[in-house]
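Peer 1: Numbering (our numbering), first residue to last: 417 to 694.
Even glycine gets a Cβ: it sits at the ideal position worked out from N, Cα and C.
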C-alpha cells in the first residue's frame, strides 16, 4: 500500500491511497462518520430563562456546538457505558458540566456566545468561541447547566467528528493524438479545473492537477470522438477528511481504524464461539 499526503491543515487531511480495496476504504470512511466518539452536550438543566428563546431551542443549539474531545477519549467512559438519565447525570466519569449564567443589564440586546460557557474540565470546551447561542433583551436572564458526554454519530449527528469524510477515484486521462484535429485545443479551454495544458504545440495532461478532475467529461464530449478518454485507476483513491474541530483529522483516522479493527476482532470471536472457525 502507498499513502501520500496531498493536503494537511489543523482541520483537513487529504490523502492519496494506492493498492487498497474500495470496500476497506469505504468502511473506514463510514466508521469515521458514525463510530468515532466525541463529546457533545446531551442534557441541559434550566434553572432560569426569561429570554424569548424556548428551552428546547437553546438546548438544541448547545448540543450542536463542537467540543474539544481529544483528551476526553481516555478520561471518560465510553458511550455504551454512559447514557443520559438521572442515575448517571452527575457522574464525573461520564459527564462534563458546562455552566452558563448571564444577565443583560444594558438597554440594548446582548448576544451570548459559546465562550460564555464555563466548563468543569479545561480539556472539554467549545472549539469555537464565537458561536451565538441566544440573545438577551434588556433585563432578561439565563441560567443553566449543560452536561456533555461521549457519543457516536450513529446515535446523533452532533457526535460525528467530521463535516466531510469522502473518497473519490483517481482519474486516468488518455489523449489519442491521431484523432485530434490539427491545432485543436478545445480540451484546454473547456476543462473547468485546468487539467490540460499546452506543451510543444499539443495538449497534454497536467500531472500536478489531474487529481482535481471531477469526471465531468466535458473534454470527451467537446473534442473529436475518441480523442480524449476519461476513466479511473483501479485501487487508487483520494481520501478527504474535514474535522468539525472536536478531534484532529489524524486522530479521527487512527481512531476509525482502531474501531474497525475492534469490530473485526469481535466478529472473529463470535465465529469461534459458534464453531465456524477454530
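Going by C-alpha distance, which of 454, 593, 486, 545 is nearest residue 617?
Peer 2: Ranking the options by Cα distance to residue 617, first place goes to 593.
Peer 1: Are there 16 or more other CB atoms within 10 angstroms of the CB of residue 537, so buried, or fewer, so exposed?
Peer 2: The residue is buried, with at least 16 neighbouring Cβ atoms inside 10 Å.
Peer 1: Name the residue from 483, 564, 497 whose alpha carbon lies nearest to the alpha carbon of residue 531.
Peer 2: Selected option, being the one with the closest Cα: 483.
Peer 1: Please go through the same chain and pick out, in chain order, the residues whose beta-carbon is closer than 6 Å to the beta-carbon of residue 671, but skip the five residues on each side of it.
Peer 2: Closer than 6 Å at the Cβ level, and outside the excluded window around residue 671, lie 452.
Peer 1: Please report the straight-line C-alpha distance between residue 561 and residue 462, rounded to a whole angstrom.
Peer 2: Near 7 Å, if we compare the C-alpha coordinates of residue 462 and residue 561.
Peer 1: Using the rule of at least 16 other Cβ atoms within 10 Å of the residue's Cβ for burial, across every protein chain shown, is residue 544 buried or exposed?
Peer 2: Residue 544 comes out exposed.
Peer 1: For residue 438 and residue 572, I'd like the C-alpha separation in whole angstroms.
Peer 2: Cα to Cα, residue 438 sits roughly 26 Å from residue 572.
Peer 1: In its own chain, which residues sit with a C-beta less than 8 Å from the C-beta of residue 667, not counting the 5 before and 5 after it?
Peer 2: If we look at residue 667 and ignore the five residues flanking it on each side, its Cβ neighbours are 486.
Peer 1: If we call anything under 8 Å between Cβ atoms a contact, is residue 548 one with residue 597?
Peer 2: Cβ atoms of residue 548 and residue 597: not closer than 8 Å.
Peer 1: Can you name, in chain order, every residue of its own chain whose Cβ lies under 8 Å from the Cβ of residue 491, other than the five neighbours on each side?
Peer 2: Counting only Cβ-Cβ distances below 8 Å, and skipping sequence neighbours, we find 537, 539.
Peer 1: Between residue 600 and chain C, is there a C-beta pair that is closer than 8 Å?
Peer 2: Absent here is chain C; the protein component of the structure consists of one chain.
Peer 1: Comparing alpha-carbon positions, which option in 654, 675, 456, 642 lies nearest residue 511?
Peer 2: For residue 511, the nearest C-alpha among the options comes from 456.
Peer 1: Under 8 Å by Cβ, that's how I've got residue 436 and residue 417 pegged, so tell me the actual separation to the nearest angstrom.
Peer 2: Indeed they touch by this definition, with Cβ atoms about 6 Å apart.
Peer 1: Do residue 648 and residue 578 have their beta-carbon atoms positioned less than 8 Å apart in this structure?
Peer 2: Their beta carbons are not under 8 Å apart, which means residue 578 does not touch residue 648 by this criterion.
Peer 1: Who are the near neighbours of residue 691 in its chain, counting only those whose CB is closer than 8 Å to its CB and skipping five residues on each side?
Peer 2: Cβ neighbours of residue 691 beyond the five flanking positions: none.
Peer 1: Does residue 574 come out as helix, strand or coil in the three-state DSSP assignment?
Peer 2: Residue 574: helix per DSSP, three-state reduction.
Peer 1: What are the start and end residues of each continuous beta strand (DSSP E) run of 3 or more residues lying completely inside the stretch 577–640, in chain order?
Peer 2: You should have 578–591, 612–615, 618–621.
Peer 1: Which of helix, strand or coil does DSSP assign to residue 514?
Peer 2: Residue 514 falls in the strand class under three-state DSSP.
Peer 1: For residue 674 and residue 447, what's the separation of their Cα atoms in angstroms?
Peer 2: Rounded to the nearest angstrom, the two C-alpha atoms are 10 Å apart.
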